[in-house]
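A.B. asks: Here it is, the structure in full.
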Amino acid sequence: MSRQPRVAVVGAGLAGLSAGLALAKRGWRVDLYERSRLLGGKATSFEVEGYEVDCGQHVVLACCTATLDLIDELGLRDSLYIQPRFEATVLSRKRPPAHLRASSLPAPLHLMAGFARYPHLSTLDRIQVARALVAARSDRSPKGDMGSWLRRHHQSPRALRAFWDPFLVPALNAPLDRVSAEMGLFVIRTAFLGDRDAARIAYLRVPLARLAEAAAARLDGVHMRQAVVGVHREGDRITGVKLSGGTGAACDACVLAVPPRRLNSILEDAPAVGIEGLEAFEPMPIVDVHLWYDRPVLGCDFAALLDSPVQWVFEKSPGYVCCSMSAADDLVQRPERELVELGRKELAAVLPEAARARLLRGAATRDPDATFIPAPGVRRPGPATALSNLVIAGAWTDTGWPATIESAVRSGRTAALTLFSNAAGWQSTRSGGGAGALMEVAHAV
Ligand SMILES: Cc1cc2nc3c(=O)[nH]c(=O)nc-3n(C[C@H](O)[C@H](O)[C@H](O)COP(=O)(O)OP(=O)(O)OC[C@H]3O[C@@H](n4cnc5c(N)ncnc54)[C@H](O)[C@@H]3O)c2cc1C
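Numbering (this note's numbering), first residue to last: 30 to 474.
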């Protein structure tokens, strides 16, 4: 039989799309099922008052190699902004804008010259930050949470507020006392200590949904507004997915690339297929406030704010700024009007031009389940399940990365590889010569 294996990919986030792309590239027929009307999952865009906005500002770093590779593969490299060298403008109420810049020295010395001139740290803070960076390099099995780790390494409240919080809280989307030290140190090592260029900030200059759309265009079937509510199982194989509305679709294999709670409800009994601990994943919101002014207000592309619920602000086009608020569990329920006013006030306090400019309109986007908290002790499952033709993917799965785009892309690719390597084993259970095609695919990886 020459039929290509048919795989159902559930979830059109970047994990599902990355899995689908990898499978399609090897000749598998991919049917993508997405419950919403939007491609991209948490990394999407939609219209707000006639403007297409991202659901929230998304940034990656140059160390996010799988994401940059995906952007290349989908032909969007020209739409990517990437810093030539790491640099961040830091705004505060009390001082003029400060800058943290990497020098051309090799890591970790590349940060030292920038620190020496960073006015928000005292000389002692700078020494202690440098010591903590050295300790982060060698501490391979840290215990407990990241906040405690930093305090154990003599980081002052000022160093936390002016250096660690602005960089680590958005990267991990959680207060540092709730994040495992292991994940915090992974971020520090990967972004700041591995390679001089790793922390360069990058983002797409086109709406985020373009990435998902480009990926979906390479798949065979894209079924939007089609929630998968369960799977059909025969013995140790998945044979199809159950769709909302009572219909179903047959498949030879299945990738479930949905958040933990949804996975639990699709599978009904996740432990029975070898997936434990889904209830341990605690979500954390992100809120973004979009402000349209009558003129440019920022004077640079993006900046960090100290002592503000707005951690980073991006001027995405002249006069349109996006205020990003991570770890926003105390803000997510607030009415849009209040959030817009909060964003406006916070910018006016640190940007004289924003105080003078006229606000034309404002909007807030919020996701109560933006990411999960990488808390100490949370065990993330890998892609494999007890069934060889069923794999899972998602930024929350065990990629070693925090729940980010990079984690989603890596998880999708690893899930596809897991299916390829399992495919050889289906030979004996599949009818007809389909297994031959599967063997070919497995050898091609
Ligand atoms: C506001 C915001 C800002 C962020 N900022 C950044 C950032 O700056 N940098 C960064 O790297 N990351 C950021 N993230 C995190 C990043 O967007 C996510 O980690 C990543 O996109 C998750 O991808 P995923 O495919 O794992 O999951 P998701 O994007 O959640 O995709 C899952 C998909 O499955 C669908 N689905 C669920 N149930 C079903 C079902 N039963 N049937 C069919 N479909 C179903 C969902 O609708 C969704 O489309 C941000 C997230 C948010 C919300």
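Think of the CB as a built atom: it goes at the ideal place given N, C-alpha and C, for glycine as much as any other residue.
Model, not experiment: these values are computed from the prediction.
Just grab the DSSP bridge partners of R395 for me.
C.D. replies: Here residue 395 corresponds to residue number 366 of the sequence shown, with the count starting at 1. DSSP lists V316 as partners of R395.
A.B. asks: If I'm right that V284 touches V36 with Cβ under 8 Å, what's the distance once you round it to whole angstroms?
C.D. replies: Position 255 of the sequence shown, counting from 1, holds the residue named residue 284. Position 7 of the sequence shown, counting from 1, holds the residue named residue 36. Contact flag correct, Cβ pair sits at about 6 Å.
A.B. asks: In the DSSP assignment, find the beta strand (DSSP E) that holds I230 and state where it starts and stops.
C.D. replies: On the sequence shown, residue 230 is found 201 positions in, with the first residue counted as 1. Per DSSP, I230 belongs to the beta strand (DSSP E) from I230 to L233.
A.B. asks: Check whether the Cβ of A64 lies closer than 7 Å to any heavy atom of ligand 1, and answer yes or no.
C.D. replies: Within the sequence shown, numbered from 1, the residue matching residue 64 stands at position 35. The sequence shown places Arg at residue 64, rather than the Ala named in the question. R64: yes, Cβ under 7 Å from ligand 1.
A.B. asks: Does at least one heavy atom of ligand 1 sit under 7 Å from the Cβ of Q112?
C.D. replies: Taking the first residue of the sequence shown as 1, we reach residue 112 at position 83. It does not: the Cβ of Q112 is nowhere closer than 7 Å to a heavy atom of ligand 1.
A.B. asks: Roughly how far, in whole angstroms, is the beta-carbon of Y322 from the beta-carbon of A383, given that I think they are within contact range, below 8 Å?
C.D. replies: Residue 322 sits at position 293 when you count from the first residue of the sequence shown. Residue 383 sits at position 354 when you count from the first residue of the sequence shown. Right, their Cβ atoms sit about 7 Å apart.
A.B. asks: Whole angstroms is fine: what's the gap from G49's alpha carbon to V59's?
C.D. replies: Within the sequence shown, the letter at position 20 stands for residue 49. Within the sequence shown, the letter at position 30 stands for residue 59. Computed Cα separation, rounded: 6 Å.
A.B. asks: What's the gap between the Cα of Y110 and the Cα of A432?
C.D. replies: Reading the sequence shown from its first residue, position 81 is the one you call residue 110. Reading the sequence shown from its first residue, position 403 is the one you call residue 432. When rounded, the distance between both Cα atoms is 22 Å.
A.B. asks: My assumption, with CB atoms under 8 Å, is that V287 sits in contact with V39. Please give the rounded CB distance.
C.D. replies: The residue labelled residue 287 in the question sits at position 258 within the sequence shown. The residue labelled residue 39 in the question sits at position 10 within the sequence shown. About 6 Å; that satisfies the 8 Å criterion.
A.B. asks: Can you list, in chain order, the residues of its chain with a C-beta nearer than 7 Å to that of V361? Leave out the 5 residues immediately preceding and following it.
C.D. replies: Reading the sequence shown from its first residue, position 332 is the one you call residue 361. Within the same chain, V361 has close Cβ partners P314, V316, R395 and P397.
A.B. asks: For E76, which of helix, strand or coil comes out of DSSP?
C.D. replies: Your numbering for residue 76 matches position 47 in the sequence shown. E76: strand per DSSP, three-state reduction.
A.B. asks: How long is the line joining the alpha carbons of A117 and A332, rounded to whole angstroms?
C.D. replies: Residue mapping note: residue 117 aligns to position 88 of the sequence shown, counting from 1. Residue mapping note: residue 332 aligns to position 303 of the sequence shown, counting from 1. If you take the alpha carbons of A117 and A332, they lie about 6 Å apart.
A.B. asks: Under 8 Å, with one C-beta from each stretch per pair, do the segment 198-216 and the segment 62-80 reach the 3-pair mark?
C.D. replies: With the cut-off at 8 Å, the segment 198-216 and the segment 62-80 do not touch.
A.B. asks: Assuming A278 is part of the beta strand (DSSP E), what are its boundary residues?
C.D. replies: Position 249 of the sequence shown, counted from the first residue, corresponds to residue 278. A278 -> beta strand (DSSP E) spans G277 to A279.
A.B. asks: Using a threshold of 8 Å, state whether the C-beta atoms of E63 and A41 are closer than that.
C.D. replies: Position 34 of the sequence shown holds residue 63. Position 12 of the sequence shown holds residue 41. Contact: yes.
A.B. asks: So, are the CB atoms of V251 and I295 less than 8 Å apart?
C.D. replies: The count along the sequence shown starts at 1 and reaches residue 251 at position 222. The count along the sequence shown starts at 1 and reaches residue 295 at position 266. Going by C-beta atoms, V251 is not nearer than 8 Å to I295.
A.B. asks: Looking at I421 and ligand 1, is the gap between the Cβ and the nearest heavy atom below 7 Å?
C.D. replies: If you number the sequence shown from 1, residue 421 lands on position 392. No.
A.B. asks: How would you write the range of the beta strand (DSSP E) that T414 sits in, first residue to last?
C.D. replies: What you label residue 414 is simply residue 385 of the sequence shown in a count that begins at 1. Counting along the chain, T414 falls outside any beta strand (DSSP E), and DSSP gives it neither H nor E.
A.B. asks: With A378 as the anchor, note down where its beta strand (DSSP E) starts and where it stops.
C.D. replies: Taking the first residue of the sequence shown as position 1, residue 378 is located at position 349. Element bounds for A378: not the beta strand (DSSP E) but the alpha helix (DSSP H), E365 to V379.
A.B. asks: Taking the C-alpha atoms as reference points, what is the distance between V318 and K374?
C.D. replies: What you label residue 318 is simply residue 289 of the sequence shown in a count that begins at 1. What you label residue 374 is simply residue 345 of the sequence shown in a count that begins at 1. The alpha-carbon atoms of V318 and K374 are separated by roughly 12 Å.
A.B. asks: Count the other C-beta atoms from every protein chain shown that fall within 10 angstroms of the C-beta of E367, then say buried if there are 16 or more, exposed otherwise.
C.D. replies: Taking the sequence shown and counting its residues from 1, the one referred to as residue 367 is at position 338. By the 10 Å Cβ count, E367 comes out exposed.
A.B. asks: By the three-class DSSP mapping on this structure, what secondary structure does G454 have?
C.D. replies: What you label residue 454 is simply residue 425 of the sequence shown in a count that begins at 1. Three-state DSSP puts G454 in a helix.
A.B. asks: Distance check for A452 and V474, CA to CA, integer angstroms please.
C.D. replies: Along the sequence shown, one-based indexing puts residue 474 at 445. Along the sequence shown, one-based indexing puts residue 452 at 423. Note on V474: pLDDT 24, under 50, position unreliable in the model; the coordinate value appears next. Rounded to the nearest angstrom, the two C-alpha atoms are 11 Å apart.
A.B. asks: Identify the continuous alpha helix (DSSP H) that holds D98 and give its terminal residues.
C.D. replies: Translated into the one-based positions of the sequence shown, residue 98 becomes position 69. Looking at the DSSP string, the run of the alpha helix (DSSP H) that includes D98 is T94 to E102.
A.B. asks: Helix, strand or coil, according to DSSP, for I402 in the structure here?
C.D. replies: Locating residue 402 in the sequence shown gives position 373, counting from the first residue. Reduced to three states, the DSSP call for I402 is coil.
A.B. asks: Spatial neighbours of Q33 within its chain, please: C-beta separation below 8 Å, excluding the five flanking residues on both sides.
C.D. replies: Within the sequence shown, numbered from 1, the residue matching residue 33 stands at position 4. Contacts found: G56, W57, R58 and A466.
A.B. asks: Buried or exposed: where does A241 fall if 16 or more other Cβ atoms within 10 Å of its Cβ makes it buried?
C.D. replies: Here residue 241 corresponds to residue number 212 of the sequence shown, with the count starting at 1. Buried, because 16 or more other Cβ atoms sit within 10 Å of the Cβ of A241.
A.B. asks: Considering only heavy atoms of ligand 1, does any lie closer than 7 Å to the CB of L99?
C.D. replies: Here the question's residue 99 lines up with position 70 in the sequence shown. Every heavy atom of ligand 1 is 7 Å or more from the Cβ of L99, so no.
A.B. asks: Buried or exposed, going by whether 16 or more other CB atoms sit within 10 Å of the CB of D265?
C.D. replies: Indexing the sequence shown from 1 puts residue 265 at position 236. Exposed, by the Cβ-count rule.
A.B. asks: Between the C-alpha atoms of L334 and S121, what's the straight-line distance to the nearest angstrom?
C.D. replies: Position 305 of the sequence shown holds residue 334. Position 92 of the sequence shown holds residue 121. Distance between the alpha carbons of L334 and S121: 6 Å.
A.B. asks: What does the alpha-carbon distance come out to for the pair F449 and S47?
C.D. replies: In the sequence shown, residue 449 corresponds to position 420, counting from 1. In the sequence shown, residue 47 corresponds to position 18, counting from 1. So the alpha carbons of these two residues sit roughly 14 Å apart.
A.B. asks: Where do the ends of the alpha helix (DSSP H) carrying G176 lie?
C.D. replies: Position 147 of the sequence shown holds residue 176. M175 to R181 is the span of the alpha helix (DSSP H), which, as asked, contains G176.
A.B. asks: Excluding the five sequence neighbours on either side, which residues of its own chain have a C-beta within less than 6 Å of the C-beta of A471, listed in chain order?
C.D. replies: Position 442 of the sequence shown, counted from the first residue, corresponds to residue 471. The predicted model places A471 with a pLDDT of 33, which falls under 50 and marks its position as unreliable; any figure quoted below should be read in that light. Cβ neighbours of A471 beyond the five flanking positions: F449, A452 and A453.
A.B. asks: Please report the Cβ distance between V158 and F192, rounded to the nearest whole angstrom; I am assuming they are in contact, meaning their Cβ atoms lie under 8 Å.
C.D. replies: As a working mapping, residue 158 is identified with position 129 in the sequence shown. As a working mapping, residue 192 is identified with position 163 in the sequence shown. About 6 Å; that satisfies the 8 Å criterion.
A.B. asks: Alpha carbon to alpha carbon, how far is P199 from Q340?
C.D. replies: Mapped onto the sequence shown, residue 199 falls at position 170. Mapped onto the sequence shown, residue 340 falls at position 311. Rounded to whole angstroms, P199 to Q340 spans 7 Å at the Cα level.
A.B. asks: Report yes if the C-beta distance between L272 and N293 is below 8 Å; otherwise report no.
C.D. replies: As a first step, residue 272 is located in the sequence shown; it is residue number 243 there, counting from the start. As a first step, residue 293 is located in the sequence shown; it is residue number 264 there, counting from the start. Against a cut-off of 8 Å, the Cβ pair of N293 and L272 comes out as no contact.
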